[in-house]
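Asker:
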Amino acid sequence: MTFRWLSLLVLISTQTVAEDASNEPVVIESLVVEGRQTNLLGEAVSASEGIVGQTEIELRPLLRTGEVLELVPGMVVTQHSGTGKANQYFLRGFNLDHGTDFSTHVDGMPVNMRTHGHGQGYTDLNFLIPETVGQLTYKKGAYYADVGDFSGAGSAQFETAKGLEQGSAELSVGEDDYYRVLLMNSFAFAGGTSLFAFEGNRYDGPWSDIEEDLDKTNLLLKHTHSLDDGELSISIMTYNNSWNSADQIPSRAVDQALIDDLGSLDNTVGGESERYSLSLDWRSAGLHGSAYIIDYDLNLWSNFTYFMDDEIDGDQFEQVDRRLIYGGQLSYLSNDKLAGHHMQNRVGIELRIDDIDEVALYHTKKRDRLGTIRSDEVTETSIGVFWENRVTWNYRLHSVLGLRYDYYDFDVNDRSGINENGVDLSVNSGTANDSLPSLKGSLIYTLNDAWEGYVSAGQSFHSNDARGVTSRVDPADGNSVDAVDPLVRSFGYETGIRGFISDRINTSLALWALEVDSELLFVGDAGNTEESRGSKRKGVELTTYYRLTDQWSLDLEYAYTDAEFTDDAPEGNEIPGALEHVVQAGVAANLDSGWFGSVRLRYFGERPLNEDGSVESDASTIWNLRVGYRKKEWTFKADILNLTDSDDHDIDYYYASRLETEPTGIATEDIHYHVIEPRTYRVSLTYQF
């Protein structure tokens, strides 16, 4: 979008207190920040956290909503299925699947779905309207006491805007029957500011044998009211979507000319999803409280192995998830003294309850159910408490110490009884609980007014699917299985530096490492739990944002990761899907003449697809372009996505499958891939009022 937000310039109201040589408190004045030029000196805990404003988001062309997370340096966002499904995320050597080790929140509400029908930590951002994002705050690493589950690799917090400078109506059209309507405005109401935003999106996609038939609607209603000593916001969000999917395809089917790169072997897969939420956010002096309730549904049909398990009806399956999520958090920040040194203490408590009516896996054919593989009712409750202590020892040295304690309770009740494989799953019902303390800390050294160095270390975790915690038998064959650990520990450490050069260049360098006890995951596609070994990752990240002039900017982000399993095994120690090299770069312009735009490059390198590294994916490169022009109340913009018409792959997997034409009883291991969508053109016209 091309309008300006009132919240475009974000006022950091938290005052940072340092001390001069005489130990007298010195209040550093509040900073007005805009996007990547945010000066986090005196605020940041590590070199790998940052803030992005709407001014940068509006200049970036997006193929899918989830790509807003590519504003996190080193993050790669891809898709292996339909547009309505959660994206696939890669960061710091993790194939995060759909979000297992990266925690995401929107207006204080958790996005990661635990004990989910498709994958643990499932992170679907399709309910978010990118133009409503006032600020994105990201924190990589495990060094933050206020972030718990799914945060081994990092976390992101989206905050929607509280008001707009102008209302706007936008119409976008593009190839393959792409249509998008956006209407948003804010106004004074009931002593505060009310904002509404509506998005409608239709898209058929470039696929040769399906119409994606994406049908998405989003609505945001938000009212913010100033109090005597604080502020209260109330938000309602609604999301409804349906789509057909072009899933990943086996290379041999293309080589044999059974389909082309844009073809499908099962054209009846897809999904339907709904999300409705009510949330409150209250800030007053040192207090911050929030509460939410989320109603979420998903039906997802997939077929990844075709005719391997069922040679007659095929291997299509349906994943179901129906739940209510409710919870909230309360924290208090106090300013104190420690032996004459300024000290801040922040304490908080978080509660989340997932009341899951049904999380299930069904065998289907053309979306009709043939039998139940697994179906459960689950209640998962967690309570987290944390304490963070910050001390300014002198003008140069600051310390941050954090403690966190998380408690989880799992209650699983089987709904299926004897499944289609003749396995009695009632023994998989049960209860369990677990708890985990986490210690985190950082030392920050101010070199001068422009440079700061960091040393950080911390423990984190991700929870496992509740069904894996109580499982006793495999739903596929009835064999005994071991229950998995409810909470899986990770430990990370990092050193880095950040600074400004001539007020034009904002740069940071981080050297980091992360160890995970076990990458245990519940495999929603199969209905069982897959156990892997412990792992370790280490890497380096470099970010540079160069404001060439007040109207031109250049950015470069590079991430390198070395990842491997910690225990030797005959099959090898490579971690499938672990990215080694990621490069993102761009040039953006916002000219006084009314012209604006950006051109962006995203490169992610080869990665192993099996544990001995004998099979690798190719590297992938994509360019995107946005050009726009503003004239009074009108704005025109044009996007060219996949500018060079690359036929590289969005994602690659290596596993066994069987085509309908292949010999009975024979499964073939093959690379299965999803191609980057071909070059496509989209234009938008916006009227501001």
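Note that the working numbering numbers the sequence shown so that position 595 is 596, with each residue one more than the last. The beta carbon of each residue, even a glycine, is placed where N, CA and C say it ideally should be.
Taking just the CA atoms, how far does LEU183 sit from TYR688?
Answerer: For TYR688 and LEU183, the distance between alpha carbons rounds to 11 Å.
Asker: Can you tell me where the alpha helix (DSSP H) with ARG601 in it begins and where it stops?
Answerer: Unbroken run through ARG601 is the beta strand (DSSP E), 596-605; no alpha helix (DSSP H).
Asker: Closest to ASN210 by C-alpha separation, out of ASP256, LYS86 and ASP267, would be which residue?
Answerer: Strictly speaking, residue 210 in this sequence is Asp, with Asn absent from that position. Among ASP256, LYS86 and ASP267, the Cα nearest to that of ASP210 is on ASP267.
Asker: Would you please state the rounded distance, in angstroms, between the beta carbons of PHE159 and THR101? I believe it to be under 8 Å.
Answerer: Not really, about 19 Å apart at Cβ, beyond 8 Å.
Asker: Is the distance from the Cβ of TYR90 to the Cβ of VAL107 below 8 Å?
Answerer: Against a cut-off of 8 Å, the Cβ pair of VAL107 and TYR90 comes out as no contact.
Asker: I'd like the list of long-range same chain contacts for LYS223, defined as Cβ closer than 6 Å, with 5 residues on each side in sequence excluded.
Answerer: LEU196 and SER236, listed in sequence order.
Asker: In or out: GLU542 buried (at least 16 other Cβ within 10 Å) or exposed?
Answerer: The residue is buried, with at least 16 neighbouring Cβ atoms inside 10 Å.
Asker: In terms of residues, what are the limits of the alpha helix (DSSP H) holding ASP256?
Answerer: It spans 252-256 - the alpha helix (DSSP H) in which ASP256 sits, taken as one unbroken run.
Asker: Give, in chain order, every unbroken run of the beta strand (DSSP E) that is at least 3 residues long and sits entirely within the stretch 250-331.
Answerer: List check, beta strand (DSSP E) in window: 271-285 and 288-303.
Asker: Tell me which residues share the same chain as GLU670 and place their Cβ nearer than 6 Å to its Cβ, disregarding the 5 neighbours each side in the sequence.
Answerer: These residues qualify, in order along the chain: ALA657.
Asker: Quick check on the DSSP output: the alpha helix (DSSP H) that includes THR84 runs from which residue to which?
Answerer: Taken as a continuous stretch (DSSP letters only), THR84 belongs to no alpha helix (DSSP H), as it is neither H nor E.
Asker: Determine the direct distance from the alpha carbon of PHE305 to that of ASP569, and round the result to whole angstroms.
Answerer: Near 30 Å, if we compare the C-alpha coordinates of PHE305 and ASP569.
Asker: For GLN89, which beta-bridge partners are listed by DSSP?
Answerer: Looking at the DSSP assignment, GLN89 forms a beta bridge with THR79.
Asker: Kindly indicate the opening and closing residues of the alpha helix (DSSP H) around ALA154.
Answerer: Where ALA154 is concerned, there is no enclosing alpha helix (DSSP H), given that its DSSP letter is neither H nor E.
Asker: Among residues of its own chain, excluding the 5 on either side of SER400, which ones have a beta-carbon nearer than 6 Å to its beta-carbon?
Answerer: Closer than 6 Å at Cβ, skipping near neighbours: VAL392 and LEU444.
Asker: Helix or strand or just coil, what does DSSP make of ARG538?
Answerer: DSSP places ARG538 in strand when its eight states are reduced to three.
Asker: Any idea what DSSP makes of SER227, helix, strand or coil?
Answerer: It is a strand residue.
Asker: Run the CB neighbour count on LYS633, radius 10 Å, all protein chains shown included, and call it buried at 16 or more, exposed below.
Answerer: Looking at its Cβ environment, which holds fewer than 16 other Cβ atoms inside 10 Å, LYS633 is exposed.
Asker: My output table needs one value for GLN552: the three-state DSSP class, helix, strand or coil.
Answerer: Reduced to three states, the DSSP call for GLN552 is coil.
Asker: Could you pull the start and end residues of the alpha helix (DSSP H) that ASP121 belongs to?
Answerer: According to the sequence provided, residue 121 is Gln. The question's Asp does not apply to it. Unbroken run through GLN121: none, as it is neither H nor E.
Asker: Using the Cα positions of LEU339 and VAL134, report the straight-line distance between them to the nearest angstrom.
Answerer: One C-alpha to the other measures close to 38 Å.
Asker: I need the straight-line Cα distance from TYR674 to GLY85, nearest angstrom please.
Answerer: Roughly 18 Å separates the two Cα atoms.
Asker: In whole angstroms, what separates the C-alpha of ARG353 from that of ASP296?
Answerer: Roughly 14 Å separates the two Cα atoms.
Asker: Taking the alpha helix (DSSP H) that THR56 falls in, what are its first and last residues?
Answerer: First-last of the alpha helix (DSSP H) with THR56: 55-58.
Asker: To the nearest angstrom, how far is it from the Cα of PHE188 to the Cα of SER234?
Answerer: Answer to the nearest angstrom: the Cα atoms are 14 Å apart.
Asker: Can you tell me whether ASN1 is buried or exposed, with buried defined as 16 or more other CB within 10 angstroms of its CB?
Answerer: Outside the displayed range of the chain (2 to 690) lies residue 1, so it cannot be described from this structure.
Asker: Measuring CA to CA, which of LYS367, PHE387, GLY155 and TRP452 is closest to SER503?
Answerer: Out of LYS367, PHE387, GLY155 and TRP452, TRP452 has the C-alpha closest to the C-alpha of SER503.
Asker: Can you round the beta-carbon distance between PRO577 and PRO609 to whole angstroms, since I take them to be within the 8 Å contact cut?
Answerer: Contact holds; Cβ gap of about 6 Å.
Asker: Where are the alpha helix (DSSP H) runs, 4 residues long or more, that stay fully inside the stretch 454-534, in chain order?
Answerer: Taking only runs of at least 4 residues, the alpha helix (DSSP H) segments lying wholly in the stretch 454-534 are 467-471.
Asker: What do you get for THR544, buried or exposed, if any count of 16 or more other CB atoms within 10 angstroms of its CB means buried?
Answerer: THR544 should be labelled buried.
Asker: Under 8 Å, do ASN300 and GLU312 count as touching if we go by C-beta distance?
Answerer: Against a cut-off of 8 Å, the Cβ pair of GLU312 and ASN300 comes out as no contact.
Asker: Cα separation between GLN345 and ALA198?
Answerer: Straight-line Cα distance between these residues: approximately 38 Å.
Asker: Could you give the C-beta distance for SER464 and ARG115, rounded to a whole number, given that I count them as a contact under 8 Å?
Answerer: The pair is a contact, with the Cβ atoms about 6 Å apart (cut-off 8 Å).
Asker: With DSSP run on the structure shown, which of helix, strand or coil describes VAL18?
Answerer: Confidence is the limiting factor: at VAL18 the pLDDT is only 32, short of 50, which leaves the residue's position unreliable, though a coordinate-based value still follows. VAL18: strand per DSSP, three-state reduction.
Asker: For SER685, which residues from the same chain have a beta carbon less than 6 Å from its beta carbon, with the 5 sequence-adjacent residues on both sides left out?
Answerer: Once the five neighbours on either side are set aside, the close Cβ partners of SER685 are GLU171, SER173 and LYS638.
Asker: With GLY1 as the anchor, note down where its beta strand (DSSP E) starts and where it stops.
Answerer: Since the displayed the chain opens at 2 and closes at 690, residue 1 lies outside it and no answer follows.
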